[in-house]
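Structure first, commentary second.
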Amino acid sequence: MVVKGTKICVVFFLLFVAVFATVSFALSDRHDVMFAEEEQDVRKMVEECHQSCQGSQGEQQRPQCFQTCMQKRLGDRGTSRGRGDPRRPERTRRTDRQQHQSNTPYVFEDRHFTARLENEHGNVRVLQKFTDRSELFQGIEKYRVAFLEAEPQTFVVPNHWDADALIFVANGQGTITLIEENSRQSNNIKRGDLFRVPAGIPAYLINTDSNERLVLAKILHSVSVPGDLQFFSMGDGNPESSFYNAFSKEVIQAAFDASSFTFLYPKIHKFRKQGIFKKATEEQIRSMAGKEESRIWPFGERKERGTHSIYKKEPSVANENGVLHEVDSDDFPDIRDINVAISLFNITRGSMAGPFYNTKATQVLMVTNGIGSFEMACPHLSNQATRGGEINPTYERVSSELRQGTVVVIPAGHPVVIEASGEENLEVIGFGLNSDKNEWFALAGRDNVVSQWEDEAMELTFGYPASEVKRVIEKQSKKLFFKAPVRGGRAFA
Amino acid sequence: MVVKGTKICVVFFLLFVAVFATVSFALSDRHDVMFAEEEQDVRKMVEECHQSCQGSQGEQQRPQCFQTCMQKRLGDRGTSRGRGDPRRPERTRRTDRQQHQSNTPYVFEDRHFTARLENEHGNVRVLQKFTDRSELFQGIEKYRVAFLEAEPQTFVVPNHWDADALIFVANGQGTITLIEENSRQSNNIKRGDLFRVPAGIPAYLINTDSNERLVLAKILHSVSVPGDLQFFSMGDGNPESSFYNAFSKEVIQAAFDASSFTFLYPKIHKFRKQGIFKKATEEQIRSMAGKEESRIWPFGERKERGTHSIYKKEPSVANENGVLHEVDSDDFPDIRDINVAISLFNITRGSMAGPFYNTKATQVLMVTNGIGSFEMACPHLSNQATRGGEINPTYERVSSELRQGTVVVIPAGHPVVIEASGEENLEVIGFGLNSDKNEWFALAGRDNVVSQWEDEAMELTFGYPASEVKRVIEKQSKKLFFKAPVRGGRAFA
Amino acid sequence: MVVKGTKICVVFFLLFVAVFATVSFALSDRHDVMFAEEEQDVRKMVEECHQSCQGSQGEQQRPQCFQTCMQKRLGDRGTSRGRGDPRRPERTRRTDRQQHQSNTPYVFEDRHFTARLENEHGNVRVLQKFTDRSELFQGIEKYRVAFLEAEPQTFVVPNHWDADALIFVANGQGTITLIEENSRQSNNIKRGDLFRVPAGIPAYLINTDSNERLVLAKILHSVSVPGDLQFFSMGDGNPESSFYNAFSKEVIQAAFDASSFTFLYPKIHKFRKQGIFKKATEEQIRSMAGKEESRIWPFGERKERGTHSIYKKEPSVANENGVLHEVDSDDFPDIRDINVAISLFNITRGSMAGPFYNTKATQVLMVTNGIGSFEMACPHLSNQATRGGEINPTYERVSSELRQGTVVVIPAGHPVVIEASGEENLEVIGFGLNSDKNEWFALAGRDNVVSQWEDEAMELTFGYPASEVKRVIEKQSKKLFFKAPVRGGRAFA
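In the order they appear, the protein sequences are chains S, R and V. Each residue of the first sequence is one higher than the one before, counting from -18 in the working numbering. Each residue of the second sequence is one higher than the one before, counting from -18 in the working numbering. Each residue of the third sequence is one higher than the one before, counting from -18 in the working numbering.
Here you go:
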């Protein structure tokens, strides 16, 4: 009887254990379900957030920082609006040296170019939407960045985007042709040229050179959904890649008054190479290149769409340590409506530019050549005028290595220094977004803004006699470009 | 004893079962609580999302698509920013034929006019906020669409909105009067006229005709909360419907220096018909109509607020298959600040317009008369430059029936075809939003953009000799409007 | 044996109870975890939401209102976009009298100035981001409000913001100096003056008076992240408070070509008073004040940055009950690009302004002196054109006490009345945001808009003979400013 009683209770015990296990599983299951439902890049965003907390927060603030990351996961976007946390430089650099990567949201590497289109003759890489990286970039949300590379003697099929494009030729030479209702305009382009392709205007491109790759750096300003881009082409050999294919056959045939429409649906298409980059013959190149004038169909209208060389004007600053060329809408009126200005920094090896800052524009820097680094002063989030509490202004350093293809965003007002390595010159193209009435101010060297203060202002601010302050700030005789510090073995201290 | 032991264990077993049931209920309860807390229209949004997934995604992509819908429910808006999924046309049409409804977010039917104000003399219908339908419409978030219909001899009481309005008279005739501090301006309006009512300007309207209904199609550009509209009127017989009623009585009496303020608080108000639409006598109509000139109070200022007929200028395109009238800010400077251009398509029965596309403007099409259909080429989301991965541009068809009152949004850059049915002409008014520097390009027929390509471009793109390509694309001699395909029995294939 | 069996079952029972307790705890734990993860200000937002529901909703609508608040907590922001609920005035006032606080989102008190920077010589208070208070303010998201107070003979160290500032001198006198690359411009400022500090331009300020506090009211228009502000200064004695400190020492030394950079890292810094407000000696004041002309460095460029007195032009309206001064971009072209207009109301005690409304601008009112109250007519949310259903326009009263430092937001189109108390005059500065083409219309008194209606319009709208309507609306002979109602004991009825 005891045995039976024991058996029954054992049975109950086992049942009980089974239930307990089930319940526990259900409880954790819920959690797993929530995780499973998270999209890949939200998880990535949270990872980056955690790393930033570890990197930048003191012991006290880390729990609250993690809490902010947690809320991002739960979808509470209310708290994610605001400045991100700058990084503790030492931690970042250690990670950098290990991974050749940067976790600060201001730096974009190859892996952040999330949309690509390529074949053996060329490629287009589009940087992810800025606000997908961080809410810090809401102010430049409508802008996108892209690079295009075309091998020698390559033709890019006609296409249009729902975004205004401003394009800088970083390398090589070619011919760009813009198509309109009753006209076509071709321009030869070469290294240093800027040109515009307005939204919706079909354009095609050829790399006319036999040896050099044609490299274009582009800023795109979306006109439809802010920050989103849509690409439209009439085909590349693959019927599905043409937007004509989206219409019903009867409609296309009625539109073209044709009973057959073979060239959109080629029988032998499987032998056609796919992709928007096509190899052109020398003959075809010769025929298309070199047409500087617009070919105007009878009675058509001719609009001004030209190119502008960044080297046309004298450099704004030039000394043995570097050269700065600038283009704004006074120089090139085509760019007035997209509100972008262009700066080209050529920093001699072993030299640096800055510190300087832009008053209004947020500058997107793209490294076209060389190796170097940058440092930026970032006001510390938790003490700034976005949330509660006493403003105790402190500044953290954001820094990273720079190499060809790196993209860095420097927000308005933020002081920055760009250094070239000891071995190579560093060439950086900067697109200043929202640049209307922008000015840049040097914070050291000749014409720096501190030198304009009245003596009393210097004394009251620093607590030193004005003469002593001026002695220090007026010593450096160069403007903007200086000899960089000598660094032992590493790209930055 | 065994019996007792058994009894106890049975008791335990029952207790255990009870607990298990409670726990299970608690677990599921949590889930139900979450559902119960969801607002009605979030659920609707998710429904539409699910349907779109079923309609458009291949087997492989459906789980991820459902996941996106799930995240919307959990409030993760990060993933909902971006293009929606275009629909598989067959599935959509089957649903359409069954329900006379369209699930594509680009098409708005009567049920999407979520705010209404009506009595027996007229009605105002306002289309839901665009971004309540889909995040696709962020770029036009500030714009709202509305229709007003007034029966013959109806007066609409003075009112103002916190939005700039651009109004097209789709049918009938009447008189519109705008009120300012020291002036009043009346204009007669008739079918085809456009006029502006700036934000905050009080206006009243009468349908002066004895037989015809007055029908107005409106685009509103919000000036306060983006995409939100607020309506202000001084009353319609019901004291509560006047904003004066919101102030305390003492304040109103002090403001009007009056001890009584009867006309705002009529004793016999219960006999007053309510609503902003009032029947007017013939005498009143005669008295108010026909005053083309501004009546200027002594020493007041007169601003230019006039009307402009869409028929004033020659049509942009006209042939036996259709007529296109266009108005932009060069024709009618009043519309420059709200950045909208107007197109009126009159497509003969059995004919079609397009394919064509707008380079910059997103076009909101409103069907004022007739029956037809449209097709639009939509780049496929998962392969475009908004998320990760290789761009493999493909295009899906978005299509739907069109009938009086249907509203369709055609984003910038997207090629579209509009067809009239075989029985009736189709009249469509199109408001081009964000239209500064917009152009439209034909993709077939005379002056189509492909015909501007150089021969080599045609060969390289299509893989056919240029002569053959040109033979096809130059066959159609008409411009924009063509004979539509003959369709057996259904509005579209 | 029974005893043993009983013992075992008792053991099992206890185990079971233990498990049950654990499971229950785990279930509730989940809930607590979710709560614990909520950020402080989300909870505050929800509290305010709940209070608003209680205050404004009828019995029927409260559950749905609470549901909306619940969704905010769960992070579903989709539903929080739209107008907030106006308050039932009685409930608000009862709460007000008890707490001297207002719960309506349109009124901001001292506790809403969430960022502060102060020492014994002065303080800067920055109002929270508008959209942190309510989604109602999306249209003015980019604007921020701040007050600065400086004690007599105080110097504010040079600093720049990433926002354009428009500043009104509410009290006192001083000198403002703007710094540029090759120039410096000083202007004396006094009560009633307006001046601009563009984004990124360093500026410093001194209170030159010996007795009076210098009080500035500021509107800031962010140029980087919408609605976020970043503050940059070169230091205040504390090395960490200078952005130079963010760069590595080697970089700074190389930039300044200096081996030592003592004045940034003073040894005796612990004796330096911290903070951006510094006491200046009489000598220093005398030296810096009174330099009206720009001091131009050789060959530098001089830009126009001046001040403009709001008293320069004749008042727009003036009678025994009040005075209104206005400044727009025609008067002061510097303010054209930030799209703000300024109004200064000086309402005599026992008098009131309005009702009136702005056609396009959202007006931010800041009380600089005195005590009073305001009433505003707010269209009732659930019946307006943002969600579904029949528009049945009704209006609710939003009202509150006003005292020095109170900030009130009056959206475009909304009628408002401002009353001074019986004891003191009320002085209110109003910044009209998005003010391009804005006009204000009186709704009572001389030149009110109703008086412009045609007779028939009056009859049809109110159902009374026009003569009777006109008799009432033309009785009040004053314009805009009237004698206020006499109120017994309380600031508002």
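We treat Cβ as the ideally placed atom computed from N, Cα and C, and that holds for glycine.
Quick one: give me the first and last residue of the beta strand (DSSP E) that residue i is part of.
i	result
F224 (chain S)	Per DSSP, F224 (chain S) belongs to no beta strand (DSSP E) and is neither H nor E.
T349 (chain V)	T343 to N350
V105 (chain R)	G103 to V107
E301 (chain V)	Per DSSP, E301 (chain V) belongs to no beta strand (DSSP E) and is neither H nor E.
Q154 (chain V)	Q154 to I160
A135 (chain R)	Here the sequence assigns Thr to residue 135 (chain R), which means Ala is not the residue at that position. T135 to W142 is the span of the beta strand (DSSP E), which, as asked, contains T135 (chain R).
L407 (chain R)	L407 to L414
So for residue i, helix, strand or coil by DSSP?
i	result
D113 (chain R)	helix
F313 (chain S)	coil
F237 (chain R)	helix
F118 (chain V)	helix
R92 (chain V)	helix
I328 (chain S)	strand
V389 (chain S)	strand
K464 (chain R)	strand
S354 (chain V)	strand
R267 (chain R)	helix
E99 (chain R)	strand
V430 (chain S)	helix
E420 (chain R)	coil
Using 7 angstroms as the limit for Cβ to Cβ distance, is residue i near chain V?
i	result
D238 (chain R)	yes
V430 (chain S)	yes
E295 (chain S)	no
M15 (chain S)	Residue placement at M15 (chain S) is poorly supported in this model, since its pLDDT is 33, which falls under 50; the coordinates still yield a value, given next. Not an interface residue.
A447 (chain S)	no
G394 (chain S)	yes
K451 (chain S)	no
Looking at C-alpha atoms only, which residue of the options is the closest neighbour of residue i?
i	options	result
L414 (chain R)	R:S203, R:T349, R:F228 and R:I266	R:S203
A219 (chain V)	S:K456, S:D312 and S:T442	For the record, residue 219 (chain V) in the displayed sequence is Asn; it is not Ala. The candidate whose alpha carbon is nearest that of N219 (chain V) is S:T442.
I319 (chain R)	R:K171, R:K464, R:P86 and R:V178	R:V178
Within the 7 angstroms Cβ cut-off, does residue i reach chain R?
i	result
S310 (chain S)	no
A334 (chain V)	no
A227 (chain S)	yes
E435 (chain S)	no
A342 (chain S)	no
E231 (chain S)	yes
E221 (chain S)	yes
Since residue i is in the alpha helix (DSSP H), which residue starts that stretch and which ends it?
i	result
F443 (chain V)	D436 to F443
A447 (chain S)	A447 to I454
Is any heavy atom in the ligand ZN found nearer than 6 angstroms to the beta carbon of residue i?
i	result
Q154 (chain V)	The ligand ZN is not part of this structure, which contains no ligands at all.
### Residues within the stretch 252 to 268 of chain V neighbouring chain S, beta-carbon criterion of under 7 angstroms
Residues R253, K259, A261, Q265 and S268.
#### Entry: Contact list for the stretch 166 to 185 of chain S against chain R, Cβ threshold 9 angstroms
Answer set for the stretch 166 to 185 of chain S: S167, P179, A180, G181, I182, P183 and Y185.
### Query
Using a beta-carbon distance cut-off of less than 7 angstroms, what residues from the stretch 372 to 386 of chain V approach chain R?
Answer in chain order: I372, P374, T375, Y376, E377 and R378.
### Message
For the stretch 139 to 166 of chain S, list every residue whose C-beta sits within 9 angstroms of some C-beta in chain R, in sequence order.
### Response
From the stretch 139 to 166 of chain S, only P139, N140, H141, W142, D143, A144, D145, T158, I160, E161, E162, N163, S164 and R165 have a Cβ closer than 9 angstroms to chain R.
### Task
Below 7 angstroms between beta carbons is the criterion; list the residues of the stretch 95 to 122 of chain V that meet it against any residue of chain R, in chain order.
Listed in chain order, the positions of the stretch 95 to 122 of chain V with a beta carbon within less than 7 angstroms of a beta carbon of chain R are L117, Q119 and G120.
### Query
What residues in the stretch 193 to 211 of chain R bring their beta carbon closer than 7 angstroms to a beta carbon of chain S?
Contacts with chain S (Cβ-Cβ distance below 7 angstroms) from the stretch 193 to 211 of chain R involve no residue at all.
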